[in-house]
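Inspection log for the structure reproduced underneath, given as structure tokens.
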Amino acid sequence: MVDLPKVDRKVLTTGQFSKLFADVTGETAITHMIFFIAAVVIAMGVVAVLSVNIQSLTGATHSESKVLSDQIRTDITIINDPEIVPYDSFGKRYTFYAKNTGSSELNTEFITVLVDGMLIEPADMQVSIIDGDVLWRPGNVLVVNVTMSLSLGPGDHRVMIAAENGKSGYMSFKTRT
């Protein structure tokens, strides 16, 4: 039989093993806990800021898509004869006819009219629907009477009728007087 050299073998008991790796004062554990709590608080702050921004972007995108959808479904065509626009010289009033050729209903209270780039004030404008309806439905014709302090001079002019969502119809016309 072969003699083996004697080796000093100490067996560590559980108590000795835990003492070897244990931090007597517990400072490491407390430091780790503080860093963990700080990381959680910072993460919650980042989530709160990002969620507010995402909600804001989502709301803006929804509003913008609704406006764009309304504009796509809206179309206005001015159906006057550009050579003969009705003019009442006594009342100094021009009459324009516009047809809702889109697929959405429009509110006549929010119609904007420009003649030669000048905004016509609501007091100088009378709007009515030929069918007598309250809403300007697709296919209906809108009568727009515009009272002007001075008659338009002879030559080329332009009228624009716009809906509340910004969609508009244009027509160039001529006056002889």
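To convert a position in the sequence shown, counted from 1, into the working numbering, add 31.
Ideal Cβ placement from N, Cα and C applies to all residues, glycine included.
Span of the alpha helix (DSSP H), counted from its first residue to its last, around residue i
i	result
G76	58-104
Straight-line Cα distance separating residue j from residue i
i	j	result
M75	Q102	40 Å
G145	V175	Rather than Gly, the amino acid found at residue 145 in this sequence is Leu. Rounded to whole angstroms, L145 to V175 spans 11 Å at the Cα level.
S120	K198	31 Å
Under 8 Å between C-beta atoms of residue i and residue j
i	j	result
K130	V172	yes
D106	G148	no
P113	S203	yes
K236	S180	The question about residue 236 has no answer, for the chain in this structure spans 32 to 208.
Enclosing beta strand (DSSP E) for residue i [first to last residue]
i	result
D187	186-193
S159	156-160
I110	Run containing I110: none; DSSP gives neither H nor E here.
Residues sharing a beta bridge with residue i, DSSP
i	result
K205	D187
T178	R124
N138	L166
Contact set for residue i: own chain, Cβ-Cβ below 6 Å, skip 5 residues either direction
i	result
G186	none
Y201	M191
T139	V158, W167
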